[in-house]
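In mature numbering (1 follows the signal peptide of the UniProt record, and there is no 0), the protein residues as written are -19 to -1, 1 to 144.
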């Protein structure tokens, strides 16, 4: 999809200024190297690319949702900045998933985005706006916790833009 441009005609000058949509701050969604898959204690899973989607498969659970999680890391979010996060997602069977933004350092506090979602078996678009608070320079992450149930989660076309 081509980016739409926003253009302004200055009244005092014949200059036409155009600014493209804000750049995507995330790495390509369907690239395994864009993600860090975390498997903790009894939680187990895999990650693979499938066309334009990334597929996370939870193969073992231990009752704690964050024991299988995947994040895009090293994001340089700005304190007080508002962001828009968009993506399409589905699952192999309807299931709960947690979406959040948090610092990628010990105490792992959230940054203003926490959504308890329920992915169905058909792709659905999701869009969230949040204001980042409590950020760490170049040490922030956005992603999913899905260790509640076994099965596959498909995510594609994920973008994060400053508003």
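Even for Gly, the Cβ is constructed at its ideal location relative to N, Cα and C. Just so we're clear, the structure is a prediction, and the values are computed from it rather than from any experiment.
Shortest alpha-carbon distance to residue 36 belongs to which of 115, 20, 51, 67?
If you number the chain shown from 1, residue 36 lands on position 55. Of 115, 20, 51, 67, the residue nearest in Cα terms is 51.
Unbroken beta strand (DSSP E) runs of length 3 or more, entirely within the stretch 52 to 84: which are they?
For secondary structure counted as the beta strand (DSSP E) over 3 or more consecutive residues, the stretch 52 to 84 holds these complete runs in sequence order: 63 to 72, 76 to 84.
Tell whether a beta-carbon distance below 7 Å holds between residue 92 and residue 113.
By one-based count along the chain shown, residue 92 stands at place 111. By one-based count along the chain shown, residue 113 stands at place 132. Yes. Within cutoff.
Alpha carbon to alpha carbon, what distance is there between residue 141 and residue 2?
For this step, residue 2 is matched to residue 21 along the chain shown. For this step, residue 141 is matched to residue 160 along the chain shown. Answer to the nearest angstrom: the Cα atoms are 11 Å apart.
Measure the alpha-carbon distance for residue 11 versus residue 80 and round it to whole angstroms.
By one-based count along the chain shown, residue 11 stands at place 30. By one-based count along the chain shown, residue 80 stands at place 99. Distance between the alpha carbons of residue 11 and residue 80: 17 Å.
Give the single residue among 26, 88, 83 whose Cα lies nearest to the Cα of residue 48.
In the chain shown, counting from the first residue as 1, residue 48 sits at position 67. Here the closest residue by C-alpha is 26.
Inspect the beta-carbon positions of residue 132 and residue 73 and report whether they are closer than 7 Å.
By one-based count along the chain shown, residue 132 stands at place 151. By one-based count along the chain shown, residue 73 stands at place 92. Yes, these two residues count as a Cβ contact at 7 Å.
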